[in-house]
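Protein chains: 2
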Amino acid sequence: MTTARDVAAAVGLSVSTVGRALSDDPRISDATKARVIAAAETMGYVANRAARMMRGASSDVIAVIVPDLSNGFYATIAHALSGALTSNNWQLMLGESADDPRIERRHARGFVSAQVAGAIVVPTARPAPETVQLLTSLPHVQLLRRVGQLKPYWFGIDDTGAIRQATEHLITSGHRRIGFVGGTPDLPTGAARQRGYREALADAGIPAPDELVLLGPPLSMDHGRAAVARLLALQDPPTALVTASVQATRGVLEELLRHEVAVPQDLSVVGFGDEPGWSWWGPGLTTIALPIQQLAATCALWLLDRLAAGPDAHTAAYSSVSSGELVLRGSTRGI
Amino acid sequence: MTTARDVAAAVGLSVSTVGRALSDDPRISDATKARVIAAAETMGYVANRAARMMRGASSDVIAVIVPDLSNGFYATIAHALSGALTSNNWQLMLGESADDPRIERRHARGFVSAQVAGAIVVPTARPAPETVQLLTSLPHVQLLRRVGQLKPYWFGIDDTGAIRQATEHLITSGHRRIGFVGGTPDLPTGAARQRGYREALADAGIPAPDELVLLGPPLSMDHGRAAVARLLALQDPPTALVTASVQATRGVLEELLRHEVAVPQDLSVVGFGDEPGWSWWGPGLTTIALPIQQLAATCALWLLDRLAAGPDAHTAAYSSVSSGELVLRGSTRGI
DNA sequence: TTGAAAGCGCTAACAC
DNA sequence: GTGTTAGCGCTTTCAA
């Protein structure tokens, strides 16, 4: 590896002159610059980034943590983030947490040790204290999920509003026994979505019996599957179903097909998110479409903007909430 | 950022002792080690990678280039790579090329400047010369696609065999007019898949008229859509269809629904890959399932192994070919 | 068993 | 306009 010192020796100048010439410092004469640049080129000189970073140069890498890329929802997020970052000349370092705080911590360590300039995180329900400490040591934003320990910068969707909308649609269609398949309230998003369901029912004066509210782990299709089986086995099964996560929806859809449930005749279903294929599932899935691409892109740009502003620029707590949109297809009908 | 010096000050020892304690040097007493480790933990100490690299340590980052994460196929690949890398304590730096050599080059530059230890690449059809030069300067493997300019290490699928299998299945079922919707032969994979189609037909003594062979850009759903429209408009439309890329399949499936084509009564269809939802598309999609998870994981492990072997270990050209598997569902039938 | 000190390649403050 | 020097955080001699 050729170093600046080698180049300096070759042209008979000092290392600092070489450094300045290559960074186009105005104090260096054009003749010298030309000589240095030519030498550097022929010698195949490439600046050592590690050394630069030791001098405090900030990296051009942004870290991203998502729960699971094999989940189309998060893959789309990663895609949008990647697009926004690279088109602004940033690199992306990626980690999947699998919703496991220990894996999340491992990534956080890796990121800090790799000296990333900032991080965009979809946090797990309870990040390890060390994770919090590590992330807090660098500029970061929370995406989709929000935990109190991390900095109060958050880009997410209106979870309560989305599920409320879905539930209200079913209520308006005349349904009274409406099942809810969602995530545990550990995750703020899980709690918020359940709230949307309960609020909509309460507003309409409809009870929400426990047997109709099925909660499970966040990224699990199995929970969706099991929930369908449980609901169908009830003495008085629901006439409609609201799902409150992408994976839950997936599981529900598969299981409904397996049980050959007549949708929407016997059961109306509203999904969460809008994944490829859902438009052709059975009669077409009525669902809450989420503007996750814009959300992710905006989030990335916000972070880059903050980085550009410098570490001193004190930023007040900030949150941006996007709304979902009900897409009507064939899986719901009035009764 | 907490440094080793900070930790040393906290425990009243020297930097070198701290360094040794953390690297489990046998010369340090267990008591001291414990003290240092405890302090490092509470203080959130993470070794500065840049400094380590200046001392000759290689980075723990592997670069990955895929065409497009919003494509479930590549998202799965990224997921598998990420799993294999992080479980071996490597970080992943990710770039999406969008199949554009210029974007690919930008990523290659970023990777080299970020001093990644190696790269896993799904290359574009014609990488820029600079990209080739940059990638060649570091250990790398090609995944799925293979271009001659890069090093001859490749993990991919038997494209020809996969499509041949799909085509033969249709021939065996009695079909004679079989359409082919695939990618341009620019990409070796596109060429190989088309070969599989032609070979199967040739073996059965069936002609492959140009009007039935529709080629388009690799990552385009639109091509799949347009192809369906074109084929249906033919005077003598095909009775069966082979698709030769995931995105083409997606487009075809959507368009068939839009045109309300009776599958498999009027048209048999074999897809490429097996994405979520394809099992419930119409009568269930008969398709070629690809072992991309294992493929990606194996590829990552191979690269890590080579890195562990050191830069001197000369490796002979290597390629690993995985086969697809025909999954029979409802979208094909005999005539 | 621990400490002191050198030095990796680079940049920036301070000479001249 | 160019050179000298210090020091980023770490590992690794060399001392003690």
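Chains as they are written, first to last, in the working numbering: chain A, 176 to 510; chain B, 176 to 510. Where is the CB? At the ideal position from N, CA and C, for every residue including glycine.
In three-state terms, what does DSSP make of residue 353/B? strand
Which whole-angstrom value is the C-beta distance of residue 218/B and residue 182/B, which I expect to be below 8 Å? 6 Å
Which runs of the beta strand (DSSP E) spanning at least 3 residues fall entirely within the segment 435 to 494 of chain B, listed in chain order? 443 to 447, 461 to 464
Roughly how many angstroms separate the alpha carbons of residue 392/B and residue 365/B, rounded to a whole number? 10 Å
Kindly give me the distance between the Cβ atoms of residue 197/B and residue 215/B, rounded to whole angstroms, as I take these residues to be in contact under 8 Å. 6 Å
Less than 8 Å between the beta carbons of residue 506/A and residue 443/A, yes or no? yes
Looking at residue 327/A and residue 492/A, is the spacing between their C-beta atoms short of 8 Å? yes
Within 10 Å of its beta-carbon, does residue 433/B have 16 or more other beta-carbons around it, so buried, or fewer, so exposed? exposed
Residue 282/B and residue 270/B closer than 8 Å at C-beta: yes
In the DSSP assignment, find the unbroken beta strand (DSSP E) run with residue 220/A in it and report its ends. Run containing residue 220/A: none; DSSP gives neither H nor E here.
Note down the Cα distance separating residue 387/A from residue 333/B, rounded to an integer number of angstroms. 48 Å
Pick helix, strand or coil for residue 313/B, following the three-state DSSP scheme. coil
Short Cβ contact (8 Å threshold) for residue 316/B with residue 477/B: yes
At 4 residues or longer, what runs of the alpha helix (DSSP H) sit wholly inside the segment 353 to 426 of chain B? 363 to 378, 396 to 407
Does residue 257/B get closer than 8 Å to chain A when you measure Cβ to Cβ? yes
Relative to the ligand PLP, is the shortest distance from any of its heavy atoms to the C-beta of residue 340/A smaller than 7 Å? The model on display carries no ligand, and the ligand PLP is accordingly not part of it.
Quick check: the Cα distance between residue 399/B and residue 500/B, rounded to an integer number of angstroms? 22 Å
At 7 Å on the CB atoms, spell out the chain B contacts of residue 314/A, in chain order. Going along chain B, no residue has its Cβ under 7 Å from residue 314/A, so there is no contact; the nearest lies around 13 Å.
Contact criterion: CB-CB distance below 8 Å. Does residue 432/B meet it with respect to chain A? yes
Where the alpha helix (DSSP H) containing residue 247/B begins and where it ends: 247 to 261
Could you name the residues of the same chain whose beta carbon sits closer than 7 Å to that of residue 343/B, not counting the 5 residues immediately before and after it, in chain order? 375
Helix, strand or coil for residue 325/A? Go by DSSP, reduced to three states. coil
Below 7 Å on C-beta distance, what does residue 308/B contact in chain A? Correct list: empty, because the minimum Cβ distance to chain A is about 11 Å.
Take the Cβ of residue 230/B as the centre, count every other Cβ of all protein chains shown within 10 Å, and call the residue buried at 16 or more, exposed below. exposed
What beta strand (DSSP E) runs, 3 residues minimum, are completely inside the segment 262 to 307 of chain A? 266 to 271, 293 to 296
Should residue 271/B be flagged as near chain A, meaning a C-beta pair shorter than 8 Å? yes
Helix, strand or coil: how does DSSP classify residue 212/A here? helix
State yes or no: is the C-beta of residue 456/A within less than 8 Å of the C-beta of residue 452/B? yes
Pick from 357/A, 202/A, 247/A that is closest to residue 416/A, judged by C-alpha positions: 357/A
Spatially closest choice to residue 418/B from 395/B, 178/B, 249/B, 297/B, by CA coordinates: 395/B
Under three-state DSSP, which class holds residue 194/A? helix
Helix or strand or just coil, what does DSSP make of residue 510/A? coil
Against chain A: residues of the segment 388 to 399 of chain B by CB proximity under 8 Å: none
Am I right that residue 292/B and residue 234/B are in contact with their C-beta atoms under 8 Å? What's the rounded C-beta distance? 5 Å
Would you kindly work out how many angstroms separate the C-alpha atoms of residue 251/A and residue 204/A, rounded to a whole number? 50 Å
Taking the DSSP output, what are the residues bridged to residue 331/A? 496/A
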